[in-house]
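2 protein chains.
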Amino acid sequence: MAFLTHLTCPLCGRFESADRLVNLCLCGSPLLVDYDLDAVRRAVGRETIERRPADLWRYRELLPVTDDKHITTFGEGWTPLLPAPAYGASIGVPRLLVKDESPLPTGSFKARGAAVGVSRARELGARHIAMPTNGNAGSAWAAYAARAGLRATIAMPVDAPAICRRECAAAGADLRLVDGLITDAGRLIAEFVAGHHVFDVSTLKEPYRVEGKKTMGYEIVEQLGWQAPDVILYPTGGGVGLIGIHKAVAELRRLGWLDGPGPRLVAVQSTGCAPVVRAFAAGRETAEPWPDARTIAYGITVPAPLGDRLILRALRESGGTAVAVDDAELLADLRAFGALEGLWLCPEGAACLSAARRLRAGGWIGPSDRVVVLNTGAGLKYPDTVEFPNNWCAR
Amino acid sequence: MAFLTHLTCPLCGRFESADRLVNLCLCGSPLLVDYDLDAVRRAVGRETIERRPADLWRYRELLPVTDDKHITTFGEGWTPLLPAPAYGASIGVPRLLVKDESPLPTGSFKARGAAVGVSRARELGARHIAMPTNGNAGSAWAAYAARAGLRATIAMPVDAPAICRRECAAAGADLRLVDGLITDAGRLIAEFVAGHHVFDVSTLKEPYRVEGKKTMGYEIVEQLGWQAPDVILYPTGGGVGLIGIHKAVAELRRLGWLDGPGPRLVAVQSTGCAPVVRAFAAGRETAEPWPDARTIAYGITVPAPLGDRLILRALRESGGTAVAVDDAELLADLRAFGALEGLWLCPEGAACLSAARRLRAGGWIGPSDRVVVLNTGAGLKYPDTVEFPNNWCAR
Chain A
2 MAFLTHLTCP
12 LCGRFESADR
22 LVNLCLCGSP
32 LLVDYDLDAV
42 RRAVGRETIE
52 RRPADLWRYR
62 ELLPVTDDKH
72 ITTFGEGWTP
82 LLPAPAYGAS
92 IGVPRLLVKD
102 ESPLPTGSFK
112 ARGAAVGVSR
122 ARELGARHIA
132 MPTNGNAGSA
142 WAAYAARAGL
152 RATIAMPVDA
162 PAICRRECAA
172 AGADLRLVDG
182 LITDAGRLIA
192 EFVAGHHVFD
202 VSTLKEPYRV
212 EGKKTMGYEI
222 VEQLGWQAPD
232 VILYPTGGGV
242 GLIGIHKAVA
252 ELRRLGWLDG
262 PGPRLVAVQS
272 TGCAPVVRAF
282 AAGRETAEPW
292 PDARTIAYGI
302 TVPAPLGDRL
312 ILRALRESGG
322 TAVAVDDAEL
332 LADLRAFGAL
342 EGLWLCPEGA
352 ACLSAARRLR
362 AGGWIGPSDR
372 VVVLNTGAGL
382 KYPDTVEFPN
392 NWCAR
Chain B
2 MAFLTHLTCP
12 LCGRFESADR
22 LVNLCLCGSP
32 LLVDYDLDAV
42 RRAVGRETIE
52 RRPADLWRYR
62 ELLPVTDDKH
72 ITTFGEGWTP
82 LLPAPAYGAS
92 IGVPRLLVKD
102 ESPLPTGSFK
112 ARGAAVGVSR
122 ARELGARHIA
132 MPTNGNAGSA
142 WAAYAARAGL
152 RATIAMPVDA
162 PAICRRECAA
172 AGADLRLVDG
182 LITDAGRLIA
192 EFVAGHHVFD
202 VSTLKEPYRV
212 EGKKTMGYEI
222 VEQLGWQAPD
232 VILYPTGGGV
242 GLIGIHKAVA
252 ELRRLGWLDG
262 PGPRLVAVQS
272 TGCAPVVRAF
282 AAGRETAEPW
292 PDARTIAYGI
302 TVPAPLGDRL
312 ILRALRESGG
322 TAVAVDDAEL
332 LADLRAFGAL
342 EGLWLCPEGA
352 ACLSAARRLR
362 AGGWIGPSDR
372 VVVLNTGAGL
382 KYPDTVEFPN
392 NWCAR
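So the sequences go chain by chain: A and B.
Using this note's numbering, read the first sequence as starting at 2 and increasing by one per residue.
Using this note's numbering, read the second sequence as starting at 2 and increasing by one per residue.
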């Protein structure tokens, strides 16, 4: 199982060995993983993959773990792609689909990156990992680290979803609460790893999390019969999933497993933290840090994403766009979706509904477009997004 | 798709039509669903089922929905059966497996009963359902009812997990909070349905929830290569899953799809509410109501299960047993499992670990037994089972 060949810097083009623990390129850019796709094509076909177990390891040849014994798993992946006909009709997008990531371990899509990232870190000899997080990534990496027998140090803003603190504690992680944003937590982790033998697994600071996240792209295409949808809306904080889906589509195309046009990728942000939206609109290649970032969609409160260039490139190469929505709007869509379809979305997922509604109203999404919205986590991790009447009844 | 033939009373033997909405048998017992298993055997084989999508509808011929258009789904089922080698070794059960139901919609195994129960209720013409719940069943039935376009009235004790209230609200259900136990909530619902055109879907008061729950049994057997484990430990409140797994095993055997011995079924309860354990130990056929029921494993706080006879019969026919564990014990096992395996179990699932440890220590479980523990829901729905240190760091 060694189709992985090396790491490449998407910015300066430098090659890097994949045989040891490594963070950024010397130029400061994230590194991406390359495979011998010709060899993959000879080794496996779509029909073989279709018959494999329903988890993300069905794409084994396109994942970076060399020896099966390092695979650290809770059976993650192959999440449902759900039609949402009632809500879809209400916003003029009858072919709306929700890729529902809430069934994943620790209740969010972060489990994909953690499964692959922890498996590979373990394979390359890591004993202790550390990261800043907006909550869900910490929950996921703490769980997989425990399963792999690694120590985990997690730094999390105090405003992150409270349940994520307890998830880290449940997995025995070393948790640090930070009175600030994820950027502040990142500084704390950078200081921590400098003085210890600890592998920094911050967003895009190691190359393997993207490999887990890209499986969302593989799954969506396979679930549609090896076709791409017209549009994929993705709630964009660090943007790893967007970069991953774009990479997945490119790999599938080079493998000859995807015909026809690719999906137009849409980065969805909050009006309270929209660095990518602003940079996209201005035609820039990088994003300026967003001051005073604040939104109820806490997972996308990332004022200065390290992958800004890669995100903006993915949007432009795919013919996509970037949209910001406000909290009141996304909460209204979250509640409407729950009442019509029964599924409690996370606020980040609901933001994508608001963006789809806007883009349809403006004509950017057409009436017959097949549109996939990423629901990146379980609504129940964000209890305050739903109120309930206090109908007490006497005994 | 009409392999469903009729309903049968397991107590008095009476047949009942399956063509209309019905609750209990005239004799007061729950009714169970019968199929033409000879016709099923001619129509489908194990190899066909193995190639189907990874959800509980893969057992389509053994489920009670006649027309596919009534299937109400979020893609539920086919949950992972996870090895737990580190924790298993620590309690002397190296072949320990956890059937992890936390990935199901609304984060618990109640989604299975709700998916099948709501689909069938809708097919038979229900427009409004009502039920009492200890929390998770209400969350699940509210979600599926919304997805099916049905109204739902849910009565829930105020001590039930707080998150379940919000889940009901997120799905637009009519929620009533009851200052009492599930028995009190049941009385409220009985009064409510008497005055309205509402279908009572209380535990075992309609025959189709068991059909959804029994798919746990099918899945465990199929995931082990069409073999039964030696022991299955099940946290027993209303006991629907236990009755369902027992029914599933009997059906698989009659279909010729399961060879060898069946699983010994273990009902796990809390020392704070153990009506089944007491009745089993005393050799009785029915359970006395448990006074002052109280445990942190809230889902099994059922002082007077309607299915007591069926539960006790399943334990005795399978060569099983019944065990009560206390809250301190299950919390210790919950934390130990999280630290060793990374998965945050629900307290009801953790109770099964404690029971497995005890049964192993007493020799009832042997050192080479393959033992399946049901983790019936996500730990994150019970935040108070885990504490965390307040490691605040300055910005």
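Ideal Cβ placement from N, Cα and C applies to all residues, glycine included.
Distance from the CA atom of P158/B to the CA atom of W345/A, rounded to whole angstroms, is 22 Å. Contact check for Y88/B and A337/B: beta-carbon distance about 7 Å, within the 8 Å limit, so the pair qualifies. When 8 Å is used as the limit between beta carbons, A191/A is near no residue of chain B, the shortest such separation being about 13 Å. Per DSSP, P31/B lies in no beta strand (DSSP E) and is assigned neither H nor E. Annotated as distal: I312/B and P348/B, with beta-carbon spacing of 7 Å or more. Comparing alpha-carbon positions, the option among R42/A, T377/A, R188/A and I366/A lying closest to V232/A turns out to be I366/A. Taking 7 Å as the CB threshold, A127/A stays off the interface with chain B.
As the crow flies, the alpha-carbon of A122/B is around 7 Å from that of L22/B.
By the rule that beta-carbons nearer than 7 Å mark a contact, P384/B touches chain A. One finds L381 and P384 in chain B with Cβ atoms closer than 8 Å to the Cβ of I164/A, taken in chain order. Taking C-beta atoms under 8 Å as the contact rule, L8/A and D39/A fail to qualify, at a distance of about 19 Å.
Per DSSP, S271/A is one residue of the beta strand (DSSP E) stretching across R265 to S271.
By the Cβ-count criterion, F16/B is exposed, with fewer than 16 other Cβ atoms from all chains shown falling within 10 Å of its own Cβ.
The continuous stretches of beta strand (DSSP E) do not include H247/B, which lies in the alpha helix (DSSP H) extending over residues V241 to L256. A distance below 7 Å separates the beta carbons of P236/B and C353/B. F338/B is outside the set of residues whose beta carbon lies under 7 Å from a beta carbon in chain A. Look at the segment 364-378 of chain A: it has no residue with a C-beta under 9 Å from a C-beta of chain B. For L82/A against L63/A, the beta-carbon gap comes to about 19 Å, at or over 8 Å, which does not count as contact.
Between G187/B and G300/B a beta carbon distance of about 15 Å is seen, past the 8 Å cut, so the two are scored as non-contacting.
Around the beta carbon of W393/B, fewer than 16 other beta carbons lie within 10 angstroms, which makes this residue exposed. Contact of A329/A with chain B is not assigned, every C-beta pair being separated by 7 Å or more. In this structure D328/B is buried. Its beta-carbon is surrounded by 16 or more other beta-carbon atoms within 10 angstroms.
In the three-state reduction of the DSSP assignment, F281/B falls in the helix class, which pools H, G and I. Chain order gives the chain B residues near P81/A as F75 and G76, where near means a beta carbon separation below 7 Å. Taking A275/A as the centre and dropping the five residues before and after it, the same chain places the C-beta of A325 closer than 6 Å to its C-beta, in chain order. Three or more Cβ pairs closer than 8 Å define a contact, and the segment 187-200 of chain B meets that threshold against the segment 125-133 of chain B. By DSSP's assignment, P84/A forms a beta bridge with L98/A. Looking from the CA of S103/A, the closest CA among V387/A, G380/A and T386/A belongs to G380/A.
C-alpha of S30/A to C-alpha of A315/A: approximately 15 Å in a straight line.
Near chain B, meaning a CB-to-CB distance below 9 Å, the residues of the segment 90-118 of chain A are D101, S103, P104, L105, P106, T107 and G108.
Contacts with chain B at 7 Å (Cβ-Cβ) do not include E286/A. For A141/A against A115/A, the beta-carbon gap comes to about 4 Å, under 8 Å, which counts as contact.
Taking a Cβ-Cβ cut-off of 9 Å, the neighbours of W393/B in chain A comprise V159, R177, L178, V179 and D180, given in sequence order.
Unbroken alpha helix (DSSP H) stretches of 4 residues or longer found wholly inside the segment 15-80 of chain A: 38-44 and 47-51, given in chain order. Closest in C-alpha terms to G339/A, from the list A85/A, I246/A and L243/A, comes A85/A.
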